[in-house]
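Position 645 of the sequence shown, counted from 1, bears residue number 645 in the UniProt record's numbering, the numbering being contiguous throughout. All residues carry an ideal CB built from backbone N, CA and C; glycine is no exception. Model, not experiment: these values are computed from the prediction.
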Amino acid sequence: IASKSLVAAGAATQGVLDQYAQILEFIGKLCLSLVQLNKMDEAEWNACVVPYLTAFVSADQATAVRDELISQCRAPEKAEVDEDPEVDLVNAEFSLAYGSRVLLHNTQLNLKCGRKYGLLGPNGAGKSTLMRGIANGNLQGFPEDLRTVYVEHDIQGSTGETPVVQYVLENEKIQAVGADEATVRKALGDVGFDQNMQDSPIVSLSGGWRMKLSLARAMITEPDLLLLDEPTNHLDTFAVAWLTNYIQNLKDVSCIIVSHEPSFLDNVCTDIIHYEDNLKLKRYRGNLTAFMKERPECKQYYELSSDNVAFSFPEPGYLEGIKSVTKAFLKCQNLSFQYPTAPRPNLVDVTVQCSLASRVAVTGVNGAGKSTLIKLMVGELAIPEGQGDYYKHPNLRIAYVAQHAFHHIEQHLDKTPVQYIMWRFSGGIDKEQVGTDAKVVTEEEEAAIREAAKKNKTGTVEEIVGRKMGKREYEYEVKWEGEVRPNSWLKRSELEELGYQKMVQEADERIAMEQNAQGRKLTTGEISKHLECFGLEEQFSCHTAMKALSGGQKVKVVLGASMWNQPHLLIMDEPTNFLDRDSLAALAKAIKEFKGGVIVISHNAEFCNAVCPEKWVVADGRCNVEGSEWMEAVELARKRAEREEKKKAPVQQDEKFDAYGNKIEEKKKTEELSRAEKKRLMKKRKEMIKNGEDTWEIDEVLGLN
1 IASKSLVAAG AATQGVLDQY AQILEFIGKL CLSLVQLNKM DEAEWNACVV PYLTAFVSAD
61 QATAVRDELI SQCRAPEKAE VDEDPEVDLV NAEFSLAYGS RVLLHNTQLN LKCGRKYGLL
121 GPNGAGKSTL MRGIANGNLQ GFPEDLRTVY VEHDIQGSTG ETPVVQYVLE NEKIQAVGAD
181 EATVRKALGD VGFDQNMQDS PIVSLSGGWR MKLSLARAMI TEPDLLLLDE PTNHLDTFAV
241 AWLTNYIQNL KDVSCIIVSH EPSFLDNVCT DIIHYEDNLK LKRYRGNLTA FMKERPECKQ
301 YYELSSDNVA FSFPEPGYLE GIKSVTKAFL KCQNLSFQYP TAPRPNLVDV TVQCSLASRV
361 AVTGVNGAGK STLIKLMVGE LAIPEGQGDY YKHPNLRIAY VAQHAFHHIE QHLDKTPVQY
421 IMWRFSGGID KEQVGTDAKV VTEEEEAAIR EAAKKNKTGT VEEIVGRKMG KREYEYEVKW
481 EGEVRPNSWL KRSELEELGY QKMVQEADER IAMEQNAQGR KLTTGEISKH LECFGLEEQF
541 SCHTAMKALS GGQKVKVVLG ASMWNQPHLL IMDEPTNFLD RDSLAALAKA IKEFKGGVIV
601 ISHNAEFCNA VCPEKWVVAD GRCNVEGSEW MEAVELARKR AEREEKKKAP VQQDEKFDAY
661 GNKIEEKKKT EELSRAEKKR LMKKRKEMIK NGEDTWEIDE VLGLN
């Protein structure tokens, strides 16, 4: 305001203002403090403005700027003409700030009973800050007896064994209203929980059921106003339809909703509240479609493109034996799995595989088994013996961002992002992956190992200390438990036969991490630079505790930390839940440019279609692979390009001359394969075809290309 006033009055040019930018910024902060304290006394404003401006303008001009500042900051918003018949729920004028930044100034908000408001604005406008302010009762002019409930995603990160009913009863807000067990069970029943589900542990609930639990818990307090921040996160199509119907039928409850799903807002909203450029809120009657017709420039809020944010993933390291981007480095064949408490198998006869070229979207309704499949693939769950074949390249590094992403960091919220990554990867291992079901040896497995050792008189392996490549498979240097004999080298197949599959897997992962660690230093500068590639600036990565970060920033930390080890395969379970549109666009672009494989679980069809040509559709315990033919096209194109390249650039041999300067013509040497060698290679080629492996190299040797 001060700058515009000075330029308009001809008191200063833009060049002069740039020269005194620090003074103007200081004046702005002083004026902000007066606005926040609601002080409009002329003497106080005079002390904060005039003495500083007179450094480069006259006293009269400085006084005129002071008067303009007071006028602009004091001016109340013109009240809208109330044409709605509903009873007022809120009719308030207030200001809102976040730190030293003013988000809203003297804006008016009029909410009616039973209406559903979509809250829109550009990224960083302060939508979540406004919702928090309303929920905490921090805004001026709001009725003191207004009952508001902020429906949060706190349940989404819960992995506890607490039964659903007990979880609700232990909530402070539920205890404050004195709700008993009968009331809680009725509320849960109203959103679809049967008796069995009410007594089931929280950990057994899918994302959709957790949102229903959040709503049931909120409705027990009989709110006047529901505040819903991204309520469709974690929900499949059916759950979104249920939520839409539920909100539409809340006749006596008003809602303010923030969502990145335009179709959802279109179906539930009666009005749109928009953040205007003048630090005001403006209400538009009608749903999102009606709003977009009036304000077409706001369509950018829902477009999957951005010039403001950019992600850059590190290149994956070398994988021994993987000469083609389509060659599988992770395979599951005829895989079946059932949780101990499940009434039926969760997965049946599933066959899937991944490579460096993979771009896979895993789809299906909530509870279909998508996350279970991924946990089995990455080793977070152990595959039961005899329930399928599993192959993973020994040096494969996997980055796994779980569905409830914040669980990765919730025990480290007092650390900065840099400190968290230092803790997580110190010692050459990923501590987040230690202690998963697939790596912990059970008592039964321990007993079987000792029984096999006793039977075969081999002794018990204490640990694996080294690895080398043998003639046909890896061999491992093992240290024997309680014995003085020297270490021994055993083949992988021998160790697996003795029951040491988990120890071998852990050794492979440790060695893969060590190979990667040789090229990356776990220092503040290196980590900070790495996190900048995920849109997290140094001030947040080095100097801000994670508990003070926004939800979107925390997801960037989780994603950046998972990618620190330069993985060959990135797996993300519901990555779109906490990212804004700009970050989603940046993520989509980074996935397309990534040199490794990607698997995405998401209900966001727009995002999946943008990045994943291959789909694994999980339903009724089975997995149907669609669109995998694109991989064949990629491989054919690669082979064709290699053949063309060889034709264009034949190998040049050094020319030789005799003592008289004459060029010596050398005959091309061709090495013929022996009959036995050809037979051996043809047998190997047949096995490779049977296993679905790439035969390009062996075809070259046999002259079949």
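Terminal residues of the alpha helix (DSSP H) in which N624 lies:
Run containing N624: none in the alpha helix (DSSP H); it sits in the beta strand (DSSP E), R622 to E626.
Just mark Q553 as buried or exposed, buried being the case when its beta carbon has 16 or more other beta carbons within 10 Å.
Result: buried.
Beta carbon of V611 nearer than 8 Å to that of R359:
yes
Among S263, N91, Q72 and N245, which residue has its Cα nearest to the Cα of M40?
Q72
Enumerated in chain order, which unbroken segments of the beta strand (DSSP E) with a length of 3 residues or greater are wholly contained in the region 85–156?
88–98, 101–112, 116–120 and 148–151
In the DSSP assignment, find the unbroken beta strand (DSSP E) run with W489 in it and report its ends.
S488 to K491
Per DSSP, what kind of secondary structure is T351 in: helix, strand or coil?
Strand.
In terms of residues, what are the limits of the beta strand (DSSP E) holding F313?
F313 -> no beta strand (DSSP E), and no H or E assigned at all.
Would a C-beta distance cut-off of 8 Å place L119 and S254 closer than the cut-off?
no
Use the C-beta contact count for G261: other C-beta atoms within 10 angstroms, 16 or more gives buried, fewer gives exposed.
For clarity, residue 261 is Glu in the given sequence; the question names Gly instead. Answer is buried; the Cβ neighbour count reaches 16.
Classify W423 as helix, strand or coil using the three-state DSSP reduction.
helix
Cβ atoms of D229 and V258: under 8 Å apart, would you say?
yes
Alpha-carbon spacing of A97 relative to L30, whole angstroms:
Taking the straight line from one Cα to the other gives about 14 Å.
Assigned secondary structure, S206 (DSSP; H/G/I helix, E/B strand, else coil):
coil
Measuring CB to CB, does A310 end up less than 8 Å from L227?
no
Tell me, to the nearest whole angstrom, how far the beta carbon of Y117 is from that of M131; I am working on the premise that it is less than 8 Å.
The Cβ separation is near 11 Å, so there is no contact.
Select from L579, V268 and L704 the residue whose C-alpha is nearest the C-alpha of R285.
Looking at the Cα atoms, V268 is the closest of the given residues.
Rounded to the nearest angstrom, what separates P340 and L702 at their Cα positions?
51 Å
Determine, using beta carbons only, whether S95 and V35 come nearer to each other than 8 Å.
yes
D41, DSSP secondary structure in three states:
coil
Check whether the region 479–488 touches the region 360–379, counting contact only when three or more Cβ pairs, one atom from each stretch, lie closer than 8 Å.
Because the criterion of three Cβ pairs below 8 Å is not met, the region 479–488 and the region 360–379 do not touch.
Length of the line joining the Cα atoms of S583 and W209
Rounded to whole angstroms, the gap between the alpha carbons of S583 and W209 is 27 Å.
Indicate whether V352 and S336 have their beta-carbon atoms separated by less than 8 Å.
no
Considering only residues of the same chain and omitting the five flanking positions on each side of T670, which have a CB-CB separation below 8 Å?
No answer about T670 holds up, because its pLDDT of 44 lies below 50 and its placement is not dependable.
In whole angstroms, what is the alpha-carbon distance linking N171 and Q195?
Just so you know, the alpha carbons of N171 and Q195 end up roughly 20 Å apart.
With a threshold of 8 Å between beta-carbons, can V418 be considered close to chain B, or not?
No chain B appears in the structure shown, which is made up of a single protein chain.
Identify, in the order they occur along the chain, each residue of the same chain with its Cβ nearer than 8 Å to the Cβ of K668, setting aside the five sequence neighbours on each side.
For K668, the predicted model reports a pLDDT of 47, less than 50, meaning its position is unreliable; a value from the coordinates is still stated below. Excluding positions up to five away in sequence, the list is empty.
Cutoff 6 Å; reference N609; Cβ partners in own chain excluding five residues on either side
none
Over what stretch of residues does the beta strand (DSSP E) that includes T363 continue unbroken?
DSSP places T363 in the uninterrupted beta strand (DSSP E) bounded by R359 to T363.
Whose CA, out of L495, I601, S100 and E473, lies closest to the CA of E320?
E473
Beta-carbon contacts of G133 that lie in its chain and below 7 Å, excluding the five residues immediately before and after
L96 and L139.
Does the region 553–566 come close enough to the region 526–543 that 3 or more CB-CB pairs lie under 8 Å?
yes
Best match in E443, K457, L495 and K454 for proximity to I464 [C-alpha to C-alpha]
Shortest Cα-Cα distance from I464 to any of E443, K457, L495 and K454 involves L495.
Which whole-angstrom value is the C-beta distance of residue 710 and G364, which I expect to be below 8 Å?
What is shown of the chain runs 1 to 705, which leaves residue 710 out entirely.
So, under 8 Å CB-CB, V350 and D573 are touching, yes? Tell me the CB distance rounded to an integer number of Å.
Contact doesn't hold; Cβ gap of about 17 Å is too wide.
Between T271 and T289, how many whole angstroms is the CB-CB distance? I'm expecting something under 8 Å.
It is worth fixing the name first, because residue 271 is Asp in this sequence and not Thr. That belief does not hold up - the Cβ atoms of D271 and T289 are roughly 13 Å apart, past 8 Å.
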